[in-house]
Ligand code: SF4
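Numbering (my numbering), first residue to last: 35 to 544.
Below, the structure is given as structure tokens:
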């Protein structure tokens with residue numbers, strides 16, 4: 035049996051996942067933009083961390099990079115033998131720092147991010163783009179230690195991870211950007227279990243597919259990439275869609291064979307929203323509470339500023355006063371609706387090479403009307419971004435923070451049970467609410483947009499747009515970003531109009 039480090043950790047999450055990976059890899063879910071973006075970030079952070087231990091020799095394993103914003107990085111599996119040979123040669127020749135040091139011993143395969151000689155022993159450094167040491171990293175490094183200890187004297191095991199408190203000020207300081215956590219003792223604690231674990235994996239792989247049912251392990255520590263395959267039997271809607279029900283309670287129902295809403299026993303404790311989910315699914319009709327919608331509409335004053343930010347996050351800050359993974363606003367869309375039904379659209383999308391904040395503030399303070407309500411969908415996000423902008427631009431902090439006093443949240447009439455449609459399926463996200471209220475309306479269909487159809491796409495694609503060399507592709511992505519953000523605020527205008535119609539105060543948009 036050949037077992038790599040990633041296969042070992044996959045098996046720790048679920049034996050069946052490894053069995054499927056080895057036997058039916060084609061049934062894996064296709065990685066989404068987020069997963070691909072995480073790979074790219076991990077690779078970039080790994081390269082940067084080498085500056086902590088410079089002048090090492092890298093065992094090259096990358097064979098392809100198209101230089102695009104979402105470039106794929108592929109391992110050349112046929113080259114592994116050469117990588118192992120090169121690692122051995124480097125160690126023999128006295129090299130003391132090796133990146134991606136590669137070993138295969140007794141069928142166990144590992145690549146060590148950084149292998150550093152420390153006197154007579156070697157230290158293992160695992161680089162992670164996360165901001166904390168997660169428990170799964172200990173298993174990951176313990177497996178590396180277990181394999182390497184067969185051929186090398188080892189000293190310490192470390193996780194190099196991003197320090198979320200780092201704030202860039204001038205040149206990037208890698209010693210401040212990274213934390214190095216000594217996990218040697220934690221790894222030592224794991225080592226005695228490893229031979230048994232490997233034996234169990236070997237015997238599992240030599241048999242038929244293990245019978246393992248779905249559970250919390252399908253999403254933790256990672257979302258399993260056989261999720262779709264294993265969840266095929268779950269109907270929609272199901273108990274797993276019940277709004278804010280604890281995962282444990284959902285699986286309790288599932289383990290009793292309760293899957294559809296119609297199976298749920300009458301004595302089950304449910305919240306008011308959960309009861310609405312079930313009753314509207316049965317009747318196939320929306321629930322409407324006119325007084326709650328009227329109350330919400332009464333809080334809104336013209337001109338109404340329907341407003342939405344898009345943000346990006348970067349593990350490695352590019353600009354001064356930027357922290358790792360800080361939400362950096364780079365775009366907004368604004369529809370301003372007047373009492374007579376006239377509606378004006380304004381937008382801002384920054385350049386991809388410079389700090390967006392100052393120019394965004396300039397435009398935003400000019401564009402948002404000086405009076406009237408600012409409507410956001412899930413306002414906590416927009417208000418938090420404005421608070422961050424106020425910290426960044428202290429001279430305009432008062433002006434910025436005064437915007438936050440004018441926000442009203444369009445999610446409120448839905449969350450407060452003023453309107454519930456069975457097609458919400460337990461989600462009040464605008465991506466659920468909009469198609470339920472406007473089915474078959476192409477103008478309001480996010481799926482009809484180009485390369486960017488949700489906030490996650492916008493975030494991941496913009497964060498890497500400065501790396502994309504093809505000017506035409508960059509231009510096309512910028513147009514897609516504008517179309518996407520514009521739809522977010524137009525959707526709010528249409529939802530508001532629909533709510534007016536429901537309470538008998540229709541408004542014609544001009
Ligand atoms: S989806 Fe769940 S049960 Fe299926 S292989 Fe993955 S972790 Fe195992």
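Even for Gly, the Cβ is constructed at its ideal location relative to N, Cα and C.
Asked: Roughly how many angstroms lie between the CA atoms of residue 267 and residue 288, to the nearest whole one?; Found: 12 angstroms
Asked: Compare the beta carbon distance of residue 382 and residue 366 with 8 angstroms and say whether it is the shorter of the two.; Found: yes
Asked: Excluding five sequence neighbours on each side, which residues of the same chain lie with their C-beta closer than 8 angstroms to the C-beta of residue 134?; Found: 92, 93, 94, 95, 117, 145, 146 and 147
Asked: Would you mind sorting residue 236 into buried or exposed? The rule is 16 or more other CB atoms within 10 Å of its CB.; Found: exposed
Asked: Assuming residue 496 contacts residue 521 under a Cβ cut-off of 8 angstroms, what Cβ separation, rounded to an integer in Å, is found between them?; Found: With a Cβ gap of about 16 angstroms, residue 496 and residue 521 do not count as contacting.
Asked: Leaving out five residues before and five after residue 224 in sequence, what residues of the same chain have Cβ atoms less than 7 angstroms from its Cβ?; Found: 172, 173 and 176
Asked: Could you check how far apart the C-beta atoms of residue 406 and residue 462 are, in whole angstroms? I think they sit under 8 angstroms.; Found: With 8 angstroms as the limit, residue 406 and residue 462 do not qualify as a contact, their Cβ atoms being about 24 angstroms apart.
Asked: Which runs of the alpha helix (DSSP H), 4 residues or longer, sit entirely within the stretch 292 to 331?; Found: 306 to 317
Asked: Check the C-beta distance from residue 258 over to residue 48 and give it rounded, since I have them as a contact under 8 angstroms.; Found: 6 angstroms
Asked: Rounded to whole angstroms, what's the CA-CA distance from residue 69 to residue 387? Just pull it up for me.; Found: 24 angstroms
Asked: Excluding the five sequence neighbours on either side, which residues of its own chain have a C-beta within less than 6 angstroms of the C-beta of residue 449, listed in chain order?; Found: 462
Asked: Can you determine whether any heavy atom of the ligand SF4 sits closer than 7 angstroms to the C-beta of residue 251, and answer yes or no?; Found: yes
Asked: Check whether the Cβ atoms of residue 455 and residue 314 lie closer than 8 angstroms to each other.; Found: yes
Asked: Assuming residue 343 and residue 402 form a contact by the criterion Cβ under 8 angstroms, report the distance between their Cβ atoms to the nearest whole angstrom.; Found: Contact doesn't hold; Cβ gap of about 12 angstroms is too wide.
Asked: Which residue spans inside the stretch 67 to 96 form an unbroken alpha helix (DSSP H) run of at least 4?; Found: 67 to 83
Asked: Tell me whether the beta-carbon of residue 358 lies closer than 8 angstroms to the beta-carbon of residue 345.; Found: no
Asked: I want to know whether the stretch 373 to 382 touches the stretch 416 to 431 - three or more CB-CB distances under 8 angstroms.; Found: no
Asked: Excluding five sequence neighbours on each side, which residues of the same chain lie with their C-beta closer than 8 angstroms to the C-beta of residue 333?; Found: 407 and 442
Asked: Over the uninterrupted alpha helix (DSSP H) stretch that includes residue 362, give me the two end residues.; Found: From DSSP, residue 362 is part of no alpha helix (DSSP H) but of the beta strand (DSSP E) over 362 to 371.
Asked: Report yes if the CB atom of residue 45 is closer than 8 angstroms to the CB atom of residue 212, and no otherwise.; Found: no
Asked: Can you have a look at residue 434 and say buried or exposed, based on whether 16 or more other CB atoms are within 10 angstroms of its CB?; Found: buried
Asked: Could you tell me the boundaries of the alpha helix (DSSP H) in which residue 264 lies?; Found: 261 to 264
Asked: Identify whether residue 228 lies in helix, strand or coil by the three-state DSSP scheme.; Found: helix
Asked: Return helix, strand or coil for residue 133, following the three-state DSSP convention.; Found: strand
Asked: Looking only at its chain, what residues have a beta carbon closer than 7 angstroms to the beta carbon of residue 472, apart from the 5 residues adjacent to it on each side?; Found: 478 and 528
Asked: Might you give, ordered along the chain, the residues of its own chain that have their beta carbon closer than 8 angstroms to the beta carbon of residue 356, omitting 5 neighbours on each side?; Found: 201, 202, 348, 362 and 389
Asked: I'd like the list of long-range same chain contacts for residue 186, defined as Cβ closer than 6 angstroms, with 5 residues on each side in sequence excluded.; Found: 156
Asked: How would you write the range of the beta strand (DSSP E) that residue 345 sits in, first residue to last?; Found: 338 to 346
Asked: Taking the C-alpha atoms as reference points, what is the distance between residue 541 and residue 453?; Found: 19 angstroms
Asked: Excluding five sequence neighbours on each side, which residues of the same chain lie with their C-beta closer than 8 angstroms to the C-beta of residue 491?; Found: 67, 485 and 518
Asked: Ignoring anything shorter than 4 residues, give me the alpha helix (DSSP H) runs that lie fully in the stretch 404 to 465, in order along the chain.; Found: 413 to 426, 431 to 438 and 446 to 449
Asked: Report the CB separation of residue 132 from residue 124 in whole angstroms; it is logged as a contact under 8 angstroms.; Found: 5 angstroms
Asked: Which partner residues of residue 156 appear in the DSSP bridge assignment?; Found: 151 and 188
Asked: In the DSSP assignment, find the unbroken alpha helix (DSSP H) run with residue 399 in it and report its ends.; Found: 391 to 401
Asked: Taking the straight line between their C-alpha atoms, what separation do you get for residue 384 and residue 184?; Found: 54 angstroms
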